[in-house]
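Residue numbers (this note's numbering), protein chains in the order written: chain Z, 2 to 296; chain H, 2 to 296; chain Y, 2 to 296; chain D, 2 to 296.
Below, the structure is given as structure tokens:
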């Protein structure tokens with residue numbers, strides 16, 4: 002053996018081969034994007050589609066006022082409905098007890114029903130519901146989270162039962178913690194329990210996405226600026242291709258909702274893309290050869 | 002042995018002992034808060050202070066218009082300066098190339114200098130700088146991140162060298178990627194390289210915080226709505242007591258900056274607290290018996 | 002402002018200040034160890050003890066044939082009982098179905114009972130039980146794990162009900178999945194459900210340890226070379242001070258058990274330390290002033 | 002809207018649809034395995050192959066004495082060479098300083114060279130090298146790890162320079178920390194720096210595997226019972242299909258090496274499979290139509 006190392010990992014010359022190959026790919030896809038305004042499903046990376054390909058129009062991409070398309074493989078797409086629980090959008094739940102206007106968070110319900118009805122009608126898009134909540138012994142709740150909730154609730158916080166309430170706030174197994182009837186999961190759908198605003202270090206969501214070989218996410222739920230944004234940020238950091246349906250999400254403050262939408266669109270889509278329920282439903286129906294396309 | 006299990010974990014009756022003990026603690030601290038408006042350093046949880054205790058005034062807590070105080074143990078506090086890199090706030094960096102107004106992100110520089118000067122003057126508060134950037138072979142960069150940056154940059158994205166630029170955008174080791182001179186780390190400070198917007202699944206930050214036994218974080222950096230918020234969300238989910246200094250952070254859009262600040266304050270502090278550099282400097286100086294307190 | 006960066010993070014000269022300070026601490030503790038053979042509870046790092054200090058004798062440390070002591074703060078110690086489920090050490094469970102000798106795994110039961118009785122008698126050491134198992138929809142089970150279990154079980158694997166069995170193998174909620182009666186948790190103890198062999202990316206264990214401000218772990222459970230070792234390796238990588246009680250753990254193969262114990266002791270304790278139930282019980286009783294010390 | 006929830010997530014009836022669909026798939030693959038003794042590349046999950054399919058013989062699977070085959074898609078396979086650094090298998094490195102026999106760890110070198118030569122000759126199998134090491138400021142090293150290394154090294158541990166040594170032990174950038182010349186990476190290969198024994202919470206390895214859409218891992222490196230096993234355990238928990246090449250790995254103790262190999266094979270392959278370098282090279286050459294097949 003007469004080997005000599007002739008280079009150093011992580012230095013410019015050593016890394017240039019891998020980088021230039023990847024940048025060449027990016028260059029090609031960039032040229033394609035200029036022609037088609039489409040982020041194509043990358044078969045070079047994920048292999049040929051397993052389900053049906055469909056193109057979803059997204060707004061303000063790459064710049065505000067522009068429109069573009071994202072291509073999905075239905076079999077590798079998961080639809081996330083985040084934290085549509087009584088505690089966040091129903092009467093006598095946590096948000097209600099804190100005194101926020103339920104109208105803002107509950108606005109997301111109807112568009113999400115519309116999407117679910119479409120997905121449940123013969124598609125292979127996976128549906129995943131999440132629920133934020135803590136174990137009944139509160140062991141997975143950070144102390145400062147419990148204390149702050151106690152204070153903002155004037156003595157009624159996580160783990161307490163509000164006067165006239167349905168159960169302990171944000172505790173797994175309580176009625177107020179469960180998903181609202183209108184969006185309740187049906188058999189064949191996944192349910193993820195998470196202890197935090199995010200879901201990647203706070204639940205088994207990353208395992209489930211990996212087990213299902215998911216590459217693209219379509220996201221709805223509440224609240225836009227808290228749990229929805231945190232999950233989308235984490236997923237985006239891990240390389241998932243994320244699109245938020247803006248009418249399928251709501252916040253406790255309308256300005257925060259609007260800003261949360263805008264924040265996603267910065268830098269050409271710093272956390273992914275923004276679309277809406279109608280566009281998504283039409284894209285899915287088109288792929289699955291349904292006649293009843295609406296606008 | 003004649004044991005019988007007489008209960009079931011995670012069910013109400015089983016869990017009530019742990020929960021009631023914790024809720025009793027919360028009740029006590031809530032009563033204390035009502036008297037003192039202070040989130041005391043929890044010695045029952047972390048033991049007696051190792052450094053100096055100091056109280057920092059935070060704004061709009063628990064409700065907008067209110068003020069409160071958070072108590073820190075200096076030896077268990079880390080000050081985070083997030084991504085103050087040329088790429089995000091300097092000329093010819095990434096943000097500049099995308100065409101955003103540098104004035105908004107660079108506004109964070111002066112207040113952060115002010116804080117650093119104080120911390121470097123004999124305190125035991127740990128200083129941690131982060132840098133977002135990718136390996137020169139781009140192996141740790143998700144493909145959609147690279148592609149979107151290419152598109153928004155009109156052909157010049159992550160890994161490319163802009164015309165007249167300092168080096169490859171967002172690549173470790175390049176001049177544009179490094180921290181700006183005015184905020185450059187000094188020996189005795191920590192530097193964390195992260196591949197994503199967040200830092201808890203994208204860097205060794207969680208290891209470092211754990212090795213230093215940190216409990217409380219004071220956060221500055223850019224951009225407010227992207228990396229700063231993502232790191233703060235992750236840290237908050239893990240139970241760190243987080244405070245953002247609002248004048249030590251900036252965004253590429255002023256409305257997004259304002260909303261990002263407000264989003265933290267919702268629900269009594271859903272991601273922690275908001276203060277500013279003057280308040281923090283005065284709190285620290287007061288604890289370390291400095292005379293030169295300013296306002 | 003006339004600042005110049007005069008150094009570079011992560012390079013030798015820049016990092017020497019922090020390193021030398023830490024190595025000086027290590028030097029001091031090394032000299033102390035030579036005198037006392039004790040890994041003292043590091044108050045410089047974690048603050049003064051919140052509970053009672055006690056010293057546990059550990060074997061073959063630093064070298065085979067040596068003995069040393071590890072000092073614990075009872076209030077920051079968690080006792081882990083890993084996966085003592087019917088599926089792993091009871092009749093008609095998963096290990097039984099695969100045809101392994103139950104005697105090897107069930108040997109861990111009696112010593113663990115002995116420890117639990119001591120801990121439950123007025124100590125502040127936290128007790129955490131873990132259970133490996135999958136959601137009833139199998140969404141958190143990797144496909145190759147399910148398939149391999151099917152093959153080794155001659156057609157009866159994870160999710161199947163063996164002939165004459167108690168329920169679906171390794172599925173949450175089934176009788177075979179639950180903890181055996183003799184070691185069943187009591188109110189006041191924590192229960193963690195994990196989807197994998199490990200628990201740090203597969204459960205909320207890291208959150209719970211962090212919420213409880215735990216620094217030291219004492220570990221028992223089954224099987225030694227699989228789940229126990231995986232959890233110990235993860236915890237050790239995160240900086241927890243880990244000790245295995247060797248008679249409180251068992252494997253499906255005695256040689257693998259012996260090797261797993263030895264592997265921990267290599268390199269001066271590459272994954273932590275090894276002790277036994279008698280030594281631990283005596284150390285705890287001594288700290289809590291009990292008379293009934295046995296050997 | 003007149004919806005009623007008629008079921009409950011995570012309960013038996015709700016979950017049966019997803020479970021039965023998955024178990025049906027398992028049943029089919031189990032029947033296929035009985036006929037072919039092959040773990041086929043699961044195109045139903047990952048899509049059609051992007052590279053070349055090849056079958057690798059693995060030993061003692063499902064039971065000791067049996068043999069089986071695992072099918073790989075070359076484009077989604079990564080070959081891991083773990084920690085082949087001077088510190089672990091070279092003179093004057095960390096293992097040498099601790100007094101272990103270098104012959105045991107260095108036995109892995111020649112078989113790994115043989116594999117690398119094959120992979121570098123026109124295949125699309127990704128090659129990833131890892132290095133264990135700490136930042137020069139030691140910030141990412143747990144204190145107990147440093148202290149134990151100091152004690153076992155009789156005063157010379159992590160961060161120290163041994164007498165006549167090449168540099169600071171286990172510190173990034175030092176000569177002793179780098180990969181040995183014989184196995185030095187070449188351009189086109191990936192290098193991952195990790196702070197722990199494992200790599201999934203201690204490095205960007207999970208990001209890189211995800212960015213490359215890797216599904217199967219072939220593992221070599223040192224030491225078998227420490228870093229190699231920890232990485233394999235983590236990867237297995239995440240659902241990667243893992244195979245260790247037993248002659249491409251070594252330990253500081255031969256009994257520990259043998260046990261580490263055996264531990265993988267328990268329960269039908271509890272952490273994956275075991276093969277060797279000859280079998281792997283032949284499988285790869287066969288797929289890439291090379292004539293020079295050896296045995």
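Backbone N, C-alpha and C fix where the C-beta goes; we use that ideal spot for every residue, glycine too.
Here the structure is a predicted model, which is why all the values come from computation and not from measurement.
Margin query: Just to confirm my understanding: we take residue 33(Z), look at its own chain, exclude 5 residues before and 5 after, and list those with CB closer than 7 Å. What are they?
Written below: The residues are 41.
Check: If you run the structure through DSSP and keep just helix, strand and coil, what is residue 62(D)?
Finding: Residue state for residue 62(D) is assigned as coil, using DSSP reduced to three classes.
Check: Taking Cβ-Cβ distances shorter than 8 Å, what residues in chain Z pair up with residue 192(D)?
Finding: Listed along chain Z, the residues sitting closer than 8 Å to residue 192(D) by beta-carbon distance are 10, 11.
Next item on the list: Note down the Cα distance separating residue 218(D) from residue 81(D), rounded to an integer number of angstroms.
Entry: Using only the alpha carbons, I get a separation of about 7 Å.
Next item on the list: Would you check if the stretch 88 to 104 of chain Z and the stretch 9 to 29 of chain H touch, i.e. whether three or more CB-CB distances between them fall below 8 Å?
Entry: With fewer than three CB-CB distances shorter than 8 Å, the stretch 9 to 29 of chain H does not count as touching the stretch 88 to 104 of chain Z.
Note to self: By the 9 Å beta-carbon criterion, what residues does the stretch 46 to 78 of chain Y contribute toward chain H?
What the structure shows: Residues of the stretch 46 to 78 of chain Y with a C-beta less than 9 Å from any C-beta of chain H: 46, 47, 48, 49, 50, 51, 74, 76, 77, listed in chain order.
Item checked: Partner residues on chain Y for residue 203(D), Cβ-Cβ distance less than 7 Å -> Neighbours of residue 203(D) on chain Y, chain order: 238.
Checklist line | beta strand (DSSP E) segment containing residue 68(D), residue limits | finding: Run containing residue 68(D): 68 to 74, per the beta strand (DSSP E) assignment.
Check: Under 7 Å Cβ-Cβ, which residues of chain Y neighbour residue 211(H)?
Finding: Within chain Y, the residues placing a beta-carbon under 7 Å from that of residue 211(H) are 239, 240, ordered along the chain.
Check: Can you find a C-beta in chain H that's less than 8 Å from the C-beta of residue 214(Y)?
Finding: Residue-level contact check: residue 214(Y) touches chain H, since one or more beta carbons of chain H fall below 8 Å from its beta carbon.
Notebook entry, point to check: Quick one: is residue 278(Y) buried, meaning 16 or more other Cβ sit within 10 Å of its Cβ, or exposed?
Noted result: So residue 278(Y) ends up on the buried side.
Check: Terminal residues of the continuous alpha helix (DSSP H) containing residue 115(H)?
Finding: Per DSSP, the continuous alpha helix (DSSP H) segment holding residue 115(H) begins and ends at 110 to 120.
Note to self: On the criterion of 16 or more Cβ atoms from any shown chain inside 10 Å, does residue 145(Y) qualify as buried, or is it exposed?
What the structure shows: Label assigned to residue 145(Y): buried.
Next item on the list: Please determine, among 189(Y), 73(Y), 263(Y), 140(Y), the residue with the shortest C-alpha to C-alpha distance to residue 22(H).
Entry: Of 189(Y), 73(Y), 263(Y), 140(Y), the residue nearest in Cα terms is 189(Y).
Next item on the list: Ignore the nearest five residues each way along the sequence and tell me which others in residue 214(H)'s own chain have a CB closer than 7 Å to its CB.
Entry: Around residue 214(H): 77.
Item checked: Under 8 Å between C-beta atoms of residue 151(Z) and residue 241(H) -> The beta carbons of residue 151(Z) and residue 241(H) sit no closer together than 8 Å.
Check: Counting along the chain, where does the alpha helix (DSSP H) carrying residue 274(D) start and finish?
Finding: From DSSP, residue 274(D) is part of no alpha helix (DSSP H) but of the beta strand (DSSP E) over 274 to 276.
Check: With which residues is residue 82(D) paired in a DSSP beta bridge?
Finding: Beta-bridge annotation (DSSP): residue 82(D) is paired with 130(D), 221(D).
Next item on the list: Answer yes or no: do residue 39(Y) and residue 69(Y) have a C-beta to C-beta separation smaller than 8 Å?
Entry: Yes, they are a contact pair.
Check: Who are the Cβ neighbours of residue 51(Y) in its own chain at under 7 Å, not counting the five residues just before and after it?
Finding: When the five nearest sequence neighbours on each side are left out, the beta carbons in the same chain lying within less than 7 Å of the beta carbon of residue 51(Y) are those of 74, 76, 77, in order along the chain.
Next item on the list: Can you grab the Cα-Cα spacing for the pair residue 256(Y) / residue 268(D), in whole Å?
Entry: Taking the straight line from one Cα to the other gives about 15 Å.
Margin query: Please list the terminal residues of the continuous beta strand (DSSP E) segment that includes residue 246(Y).
Written below: For residue 246(Y), the uninterrupted beta strand (DSSP E) segment begins and ends at 242 to 251.
Next item on the list: Measure the alpha-carbon distance for residue 272(H) versus residue 195(D) and round it to whole angstroms.
Entry: About 30 Å.
Checklist line | Environment of residue 149(H) [buried if 16+ CB atoms lie within 10 Å] | finding: Classification for residue 149(H): buried.
Note to self: Just to confirm, is the Cβ distance from residue 183(Z) to residue 129(Z) under 8 Å?
What the structure shows: For the 8 Å CB-CB criterion, residue 183(Z) and residue 129(Z) do not form a contact.
Note to self: Shorter than 7 Å, the distance from the beta carbon of residue 122(Y) to the closest heavy atom of the ligand MG, or not?
What the structure shows: Although the ligand MG was asked about, the structure shown includes no ligands whatsoever.
Notebook entry, point to check: In chain order, what residues of the same chain have a beta carbon less than 6 Å from the beta carbon of residue 141(Z), not counting five sequence neighbours either side?
Noted result: Excluding its 5 nearest sequence neighbours in each direction, residue 141(Z) has C-beta neighbours in its own chain below 6 Å: 135, 196, listed in chain order.
Margin query: Any C-beta of chain H within less than 8 Å: which residues of the stretch 220 to 233 of chain Y qualify?
Written below: So nothing in the stretch comes that close.
Check: Hey, would you say residue 193(D) sits closer than 8 Å to residue 186(D), going by beta carbons?
Finding: Residue 186(D) is positioned such that its CB atom lies no closer than 8 Å to that of residue 193(D).
Next item on the list: Might you give, ordered along the chain, the residues of its own chain that have their beta carbon closer than 7 Å to the beta carbon of residue 104(D), omitting 5 neighbours on each side?
Entry: Setting aside the 5 residues that flank it on each side, residue 104(D) has no residue in the same chain whose C-beta is closer than 7 Å to its C-beta.
Margin query: Just checking: is the beta-carbon of residue 208(H) within a distance shorter than 8 Å of some beta-carbon in chain D?
Written below: Interface with chain D (8 Å Cβ-Cβ cutoff): residue 208(H) is included.
Next item on the list: With 8 Å as the C-beta to C-beta threshold (strictly closer), list the residues of the stretch 171 to 192 of chain D near chain H in chain order.
Entry: Only those residues of the stretch 171 to 192 of chain D whose C-beta falls short of 8 Å from the nearest C-beta of chain H are listed: 191.
Margin query: I'd like to know whether the C-beta atoms of residue 166(Y) and residue 98(Y) end up nearer to each other than 8 Å.
Written below: Yes, they are a contact pair.
Next item on the list: Find the nearest neighbour of residue 247(H) within the set 138(H), 275(H), 229(H), 37(H), judged by alpha-carbon distance.
Entry: The residue among 138(H), 275(H), 229(H), 37(H) with its C-alpha nearest the C-alpha of residue 247(H) is 275(H).
Check: Does the beta carbon of residue 138(Z) come closer than 8 Å to any beta carbon on chain Y?
Finding: Chain Y contact via Cβ: present.
Next item on the list: Sort 250(H), 199(H), 56(H) by Cα distance to residue 231(H) and report the nearest one.
Entry: That would be 199(H), whose Cα lies nearest to the Cα of residue 231(H).
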